[in-house]
Amino acid sequence: MIERKIPRKRQHRWVMLRDRAYPTEDIYFLVSAAPELKKLGIEVDEVQTRSHWFPWRYTRALPAMFEEANVLVCRSLPTVWMKWLARNKHKLGHIVYLIDDNVKAAVHDKTLPDSYRRRMKDVVHYQPAILALTDEVVASSQQLADTLKTQHSKVSVLTPPLLASLPGFAHFDAPPSSKTPWMVGFYGTRAHVADLEHIAPAMVDLHHQRKDVAFEIMLGQYTPKALSSLARCYTPAPLPWNAFREYQCQQRIHIGLAPLWPTEFNAGKSYIKFLDIAAMGGVGIFSNRYPYNEVVEHGVDGMLANDDPNDWLQCMKTLLNNPAQTLSMAKNAAKKAASIGHHQHAFDFWRARTS
Numbered sequence: 004m005i006e007r008k009i010p011r012k013r014q015h016r017w018v019m020l021r022d023r024a025y026p027t028e029d030i031y032f033l034v035s036a037a038p039e040l041k042k043l044g045i046e047v048d049e050v051q052t053r054s055h056w057f058p059w060r061y062t063r064a065l066p067a068m069f070e071e072a073n074v075l076v077c078r079s080l081p082t083v084w085m086k087w088l089a090r091n092k093h094k095l096g097h098i099v100y101l102i103d104d105n106v107k108a109a110v111h112d113k114t115l116p117d118s119y120r121r122r123m124k125d126v127v128h129y130q131p132a133i134l135a136l137t138d139e140v141v142a143s144s145q146q147l148a149d150t151l152k153t154q155h156s157k158v159s160v161l162t163p164p165l166l167a168s169l170p171g172f173a174h175f176d177a178p179p180s181s182k183t184p185w186m187v188g189f190y191g192t193r194a195h196v197a198d199l200e201h202i203a204p205a206m207v208d209l210h211h212q213r214k215d216v217a218f219e220i221m222l223g224q225y226t227p228k229a230l231s232s233l234a235r236c237y238t239p240a241p242l243p244w245n246a247f248r249e250y251q252c253q254q255r256i257h258i259g260l261a262p263l264w265p266t267e268f269n270a271g272k273s274y275i276k277f278l279d280i281a282a283m284g285g286v287g288i289f290s291n292r293y294p295y296n297e298v299v300e301h302g303v304d305g306m307l308a309n310d311d312p313n314d315w316l317q318c319m320k321t322l323l324n325n326p327a328q329t330l331s332m333a334k335n336a337a338k339k340a341a342s343i344g345h346h347q348h349a350f351d352f353w354r355a356r357t358s
């Protein structure tokens, strides 16, 4: 239950200028906080900046929805909108810039897909102009915030909220066996293929050593060949954001994998994979570094593995060999996810910036 205090006047509003960063926009504002803000009488509007007809961009009159409104920009913005914001900044409320990746590091990280690096190069090109317009920068992790503090005087941290409802644990009723193999899942994006390749030898060895385990890797054709060739490895294609949210509510896993090797890009990541794995009913095995080693209590609500495939292999074996303890860890992970991912945190964060 989210606690709310009703404001005296309905004079506040937010306008999110959407630019195709749908997961980030939904997770940190539109799905987690906006519904509760609306219950207070705070108006929340969305504008699709790539498709919205913009007939008033050259006029002096400000559309009513923007009058004294707080404006939220996520990651990037078309040039025409940046110019419009610059001209009208004095008529608006606060302009807030939300970012969840170290885009500069992404451009120079050769382990990332070329298409992603090209997109981030465009973001980097225009980011200084966005930062110059912004009253506050909101980052999804403390290390990312520390990086951005060299570029802006006011940087805050909003850690990721949990959007999905937490499931039950009926999928743990049967212990791992050849008839009921436990599911080990990886649901990272293509930006984490290189991380997955580091632990692939452990997954191959586990598959060959025992028949009570299966893998699901949501990378489709981008799955490393060493894994896609395994008999009990399913490789569904990556889903669009809303379809993935639905899938996440239906699919159940026992173990989730979140490798995060030491790169400048990875250093800015949030702990959102802890929430994702808990949302699918699993126990996560995470790289033993920030941000996971600040959230996960090893052996209690997850496992922390070092940068050695054998360590990942041993963690998976430990969870498979001890189903009762693994169930207990899954329940603990769900409790922690519910706590650190509670929407109240996001609601309080944005409510404080509305008045």
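Letter by letter, the sequence shown follows residues 4 to 358 in our numbering. Heads up, the beta-carbon is just placed ideally off N, CA and C, and yes, glycines get one too.
Short of 6 Å from the beta carbon of I280, and not among the five residues preceding or following it, lie these beta carbons of its own chain, in chain order: G259 and G287. Non-local C-beta neighbours of L165 in its own chain, meaning closer than 6 Å and more than five positions away in sequence, comprise L278, A340 and G344, ordered along the chain.
The beta-carbon distance between E39 and F350, rounded to whole angstroms, is 5 Å. This is short enough to meet the 8 Å contact definition. Counting only residues of its own chain and dropping the five nearest sequence neighbours on each side, S232 has no CB closer than 7 Å to any other CB.
The three-state reading of DSSP puts R193 in helix, counting H, G and I together.
In the DSSP assignment, W17 falls outside any alpha helix (DSSP H) and lies within the beta strand (DSSP E) extending over R16 to R21. In this structure, I102 keeps its C-beta atom at 7 Å or more from the C-beta atom of D138.
In summary, T27 is buried, with 16 or more beta-carbon neighbours lying within 10 Å of its beta-carbon over all protein chains present. With three or more CB-CB distances shorter than 8 Å, the segment 293–312 counts as touching the segment 321–341. Contact check for L151 against V141 fails: the beta carbons are separated by 7 Å or more.
Within the same chain, T114, L115 and W264 come within 8 Å of A197 by CB-CB distance, once the 5 residues on both sides are set aside. Annotated as distal: K228 and S181, with beta-carbon spacing of 7 Å or more. A residue is called buried when at least 16 other Cβ atoms come within 10 angstroms of its Cβ; P131 does not meet this threshold and is exposed. In this structure, V126 is the residue among S118, R90 and V126 with its C-alpha nearest to the C-alpha of V106. Only buried fits T329, as 16 or more other CB atoms lie within 10 angstroms of its CB.
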